[in-house]
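*Asks:*
Numbering (full-length UniProt numbering), first residue to last: 1 to 295.
#1: Is it true that the CB of residue 202 sits closer than 8 Å to the CB of residue 164?
#2: Report the rounded CA-to-CA distance for residue 230 versus residue 257, giving the unit in angstroms.
#3: For the alpha helix (DSSP H) holding residue 220, just list the boundary residues, first then last.
#4: Roughly how many angstroms lie between the CA atoms of residue 147 and residue 82, to the nearest whole one?
#5: So, helix, strand or coil for residue 257, using DSSP?
#6: For residue 164, which of helix, strand or coil comes out of DSSP?
#7: Less than 8 Å between the beta carbons of residue 155 and residue 110, yes or no?
#8: Is it true that the CB of residue 122 sits closer than 8 Å to the CB of residue 223?
#9: Report the rounded CA-to-CA distance for residue 172 versus residue 112, giving the unit in angstroms.
#10: Could you tell me the distance, in whole angstroms, from the CA atom of residue 264 to the CA atom of residue 270?
#11: Please determine, among 85, 80 and 84, the residue with the shortest C-alpha to C-alpha distance to residue 92.
So this is what it looks like as structure tokens:
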């Protein structure tokens, strides 16, 4: 049986609304996708602006495994969509605990997360399946707290995948949570995140999936209000923001210089054209005067 991977959440949040999806990007290159979804380079991601109604969302959790045993979601992926008056930016993290990935590559992917979610995060979505909370998932949780800071937990929401299983059993996610043992790892996780949780399914109709997305977005809006409209940031984000600001100012300077060069070039071209016309008129006038003398 295939384990649900984190990137399916990204698909549900963004590609469910394909009519309004604007960007879907990956740190990978050379992948063919349709017109609604495209992979783009780091340079293209830097060109995307930041707006006041933006919701920057980071997905974290255990790397999924398909039926062949091959790890998935190796590279940082992100997608953008304008929906319900919100400019959504969803970033899916790589398989940080995939032993086949060198440590330096892992750190590069973490740097990508900082770059793509700058200047900070409105919500961190911890994705887990309905069932057993593994040691690997707990390690992932602790890893992000170590790298992002303990305060990040105030911006965290748990999303359970596999809601279809509960639907089949005619149970709700609240009933599932209420039956968790006090000493269970999942209970520990929910206690840490102050019971901010919801569940996603992948079957059923589009309306059900849309309702789940709306519920999650409303939870994120509530988080933003609880945090006085502030997004989560830290020293790493601030350093990255400084770099991005310097880069933006450099690009602006280059654009200004380019524009000034084009203006000067246009002026010179117009001046040269005027002088050529003037010389031609003077030549014609001189010729006419000469002809008049001959007559």
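Note that the Cβ used here is the ideal one computed from N, Cα and C, for glycine as well. If you're wondering where the values come from, they're calculated on a predicted model, not measured in any experiment.
*Replies:* So, from the listed chains and residues:
#1: Cβ atoms of residue 164 and residue 202: closer than 8 Å.
#2: 36 Å
#3: 206-226
#4: 30 Å
#5: helix
#6: The DSSP-derived three-state label of residue 164 is helix.
#7: The answer is no: Cβ separation not under 8 Å.
#8: Their beta carbons are under 8 Å apart, which means residue 223 touches residue 122 by this criterion.
#9: 36 Å
#10: 10 Å
#11: 80
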